[in-house]
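First the structure, in the form of structure tokens, and then the observations on it.
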Amino acid sequence: MVDDSRMIAGEYVLGTLDAAERRSFARRLLTDPQAVAEVAGWQERLAPLLLIVPEAPVPVGLWTRIDKATGPIAANDNKRIGRWQMATVAAAMVALVSSGIALRPGPAPPPAPITAEAPRQGAQAVAALSSDGGSPALLVTYDAASGRMRVIPVNVRSKAGRSLELWVIAGKAAPKSIGLMPEHGPAALDKLHMDPGLDMTIAVSVEPVGGSPTGAPTGPVIYSGRMIALSKS
Amino acid sequence: MSAEPSLADLLLATGEGDRSAYADLYARTSAKLYGIVLRILPERSMAEDAMQDAYVKIWHNAAAYDASRGSPITWLATIARNVAIDLHRREHPAGRQRDDGFDFELFVDPAPAPSAEAMAALRACLDRLDDDQRSLILAAYLRGDSREELAARLGHPMGTIKSWLHRGLARLKACLDG
Chain A
32 MVDDSRMIAG
42 EYVLGTLDAA
52 ERRSFARRLL
62 TDPQAVAEVA
72 GWQERLAPLL
82 LIVPEAPVPV
92 GLWTRIDKAT
102 GPIAANDNKR
112 IGRWQMATVA
122 AAMVALVSSG
132 IALRPGPAPP
142 PAPITAEAPR
152 QGAQAVAALS
162 SDGGSPALLV
172 TYDAASGRMR
182 VIPVNVRSKA
192 GRSLELWVIA
202 GKAAPKSIGL
212 MPEHGPAALD
222 KLHMDPGLDM
232 TIAVSVEPVG
242 GSPTGAPTGP
252 VIYSGRMIAL
262 SKS
Chain S
481 MSAEPSLADL
491 LLATGEGDRS
501 AYADLYARTS
511 AKLYGIVLRI
521 LPERSMAEDA
531 MQDAYVKIWH
541 NAAAYDASRG
551 SPITWLATIA
561 RNVAIDLHRR
571 EHPAGRQRDD
581 GFDFELFVDP
591 APAPSAEAMA
601 ALRACLDRLD
611 DDQRSLILAA
621 YLRGDSREEL
631 AARLGHPMGT
641 IKSWLHRGLA
651 RLKACLDG
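Chains A and S, in that order, give the protein sequences. Taking our numbering, the leading residue of the first sequence gets 32, the next gets one more, and so forth. Taking our numbering, the leading residue of the second sequence gets 481, the next gets one more, and so forth.
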């Protein structure tokens with residue numbers, strides 16, 4: 032139901048979904064560009080409300096904490112690389128869009144899994160995605176038995192004002208959308224059924240915010256890599 | 481004194497790793513963001529944690545700020561609000577007892593806002609909602625009240641709250657998009 036999904040997106044932004052509904056919707060945001068666009072729309076509608084809240088005097092010393100937490104020592108030597116890894120466009124989207132902790136790895140304990148998680152060593156195929164065969168920008172693993180795909184950004188460069196969308200090309204079939212690049216850190220997608228016998232390529236294209244409007248890649252492919260079977264089982 | 485850099489300039493420079501721009505950005509926006517965070521997390525230590533998380537996030541994501549999706553202050557405010565709500569949910573998974581009423585009509589920020597037009601439109605549309613619908617939306621968005629908390633405060637079943645919220649959101653959307 033279109034209206035219903037819009038209302039869920041509205042409630043997601045408002046923050047009134049219960050924990051299970053929120054998690055389930057947050058999972059959907061990983062694979063459903065339309066839902067992401069709806070969330071962005073609600074965010075834009077409601078965000079001006081925040082500006083009516085009066086200012087409050089900031090405690091002295093808070094800046095020192097923040098300065099330390101973001102300074103060169105805290106952020107390590109490879110600050111720039113780290114910053115680029117995190118500053119994907121998807122990150123900007125979701126930073127804005129999400130108030131659901133399900134999307135982010137963080138100090139919160141992970142929600143109880145609804146389905147048993149496939150063992151990590153069960154990954155049967157892996158792809159290292161790069162641009163023109165350079166060093167990998169992201170890794171994708173896929174376990175055909177559980178249908179679980181993991182997306183692990185390694186050094187993904189953002190495109191300002193664009194979303195990065197993942198595609199799978201199985202054999203000679205047309206590219207099929209897997210979803211938008213995760214905010215940062217790894218993400219897992221479940222129930223993805225692909226024939227491991229086929230020659231599979233995973234690609235990332237640059238799309239308008241929220242993902243390709245057509246269901247096919249519309250922008251340049253910036254990373255791609257072939258799935259390589261790790262073991263026969 | 482030459483013209484002050486705009487928030488957009490500061491955010492852009494922050495995205496390039498310019499620490500003095502980041503410090504300026506903090507100086508110019510932290511009181512606003514702290515006000516927002518305190519609404520959701522009245523406990524001072526938690527509010528400070530949320531501020532730290534929010535500004536760390538801003539530092540890491542400044543490069544990806546997209547001007548087409550809203551003004552810099554709205555973007556910053558949204559990050560602060562979302563961080564505060566996440567923290568509130570982690571710390572009060574079962575909701576909380578608060579006895580303060582809905583006092584949102586009292587909000588007046590005298591400072592001219594860069595998004596004045598968007599704000600005026602939103603206010604006009606909120607004014608057209610029923611009082612209950614408006615209060616629910618404001619309490620949820622600005623204070624982080626969950627459906628349970630709203631139901632407990634108003635003494636209505638959760639299903640009623642949900643349908644009021646949906647009706648309120650639908651009317652708001654029709655008014656703003658129309």
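Glycine is no exception: its CB is placed at the ideal position from the N, C-alpha and C atoms.
- Starting from the C-beta of residue 223 of chain A, find all residues in its chain whose C-beta is less than 6 Å away, skip the five residues before and the five after it, and write them out in chain order. 178, 180
- Could you list which residues in chain S have their beta carbon closer than 7 Å to that of residue 241 of chain A, in chain order? Per Cβ cutoff of 7 Å: no residues; residue 241 of chain A is ~10 Å from chain S at best.
- Item | Option nearest residue 231 of chain A by Cα separation, candidates A:253, A:70, A:221, A:204 | A:204
- Message: For a quick check, are the C-beta atoms of residue 537 of chain S and residue 86 of chain A less than 8 Å apart?
- Response: no
- Taking residue 504 of chain S as the reference, which of S:514, S:557, S:484 has the closest Cα? S:484
- Message: So, at 7 Å on beta carbons, what are the nonlocal neighbours of residue 612 of chain S in its own chain, with the 5 sequence-adjacent residues on each side left out?
- Response: 644
- How close, in whole Å, do the beta carbons of residue 226 of chain A and residue 260 of chain A come, if the pair is a contact with beta carbons under 8 Å? Actually they are not in contact, since the Cβ atoms of residue 226 of chain A and residue 260 of chain A sit about 12 Å apart, beyond 8 Å.
- Message: Taking DSSP's pairing of strands, which residues face residue 196 of chain A in a bridge?
- Response: A:211, A:236
- Closer than 8 Å, CB to CB, is residue 581 of chain S near chain A or not? Any reading at residue 581 of chain S must be qualified, since the residue scores a pLDDT of 49, below 50, and its modelled position is unreliable; the value itself is stated next. No, its Cβ sits nowhere closer than 8 Å to a Cβ of chain A.
- Task: Scan the region 219 to 252 of chain A for residues whose Cβ lies nearer than 9 Å to a Cβ of chain S and list them as they occur along the chain.
- Result: Going along the region 219 to 252 of chain A in chain order, one finds 240 with a Cβ nearer than 9 Å to chain S.
- Determine the contact status of residue 198 of chain A and residue 156 of chain A, defining contact as a CB-CB distance below 8 Å. no
- Item | CA-to-CA distance, residue 531 of chain S to residue 67 of chain A, given in whole angstroms | Roughly 26 Å separates the two Cα atoms.
- Message: Would you say residue 528 of chain S lies against chain A (beta-carbon separation less than 8 Å)?
- Response: yes
- Item | Classification of residue 99 of chain A by the beta-carbon crowding that lies within 10 angstroms, buried from 16 upward | exposed
- Task: State yes or no: is the beta carbon of residue 168 of chain A nearer than 8 Å to at least one beta carbon in chain S?
- Result: no
- Message: Just to confirm the assignment: which complete alpha helix (DSSP H) runs, minimum length 4, are found wholly within the region 515 to 582 of chain S?
- Response: 524 to 541, 552 to 571
- From residue 162 of chain A to residue 501 of chain S, what distance separates their C-alpha atoms? So the two alpha carbons sit approximately 33 Å from each other.
- Since I believe residue 553 of chain S is in contact with residue 534 of chain S (beta carbons under 8 Å), could you give me their beta-carbon distance rounded to a whole number of angstroms? Not a contact, Cβ separation roughly 13 Å.
- For residue 160 of chain A, write down the residues that DSSP places opposite it in a beta bridge. DSSP lists A:169 as partners of residue 160 of chain A.
- Item | In DSSP terms, what residue 174 of chain A is bridged to | A:179
- Buried or exposed: residue 542 of chain S, going by 16 or more other Cβ atoms within 10 Å of its Cβ? Label assigned to residue 542 of chain S: buried.
- Listed by chain order, chain A residues near residue 550 of chain S by CB distance under 7 Å: 75, 78
- For residue 130 of chain A, which of helix, strand or coil comes out of DSSP? Its pLDDT being 40, under 50, residue 130 of chain A is placed unreliably in this model, and the coordinates cannot settle the point.
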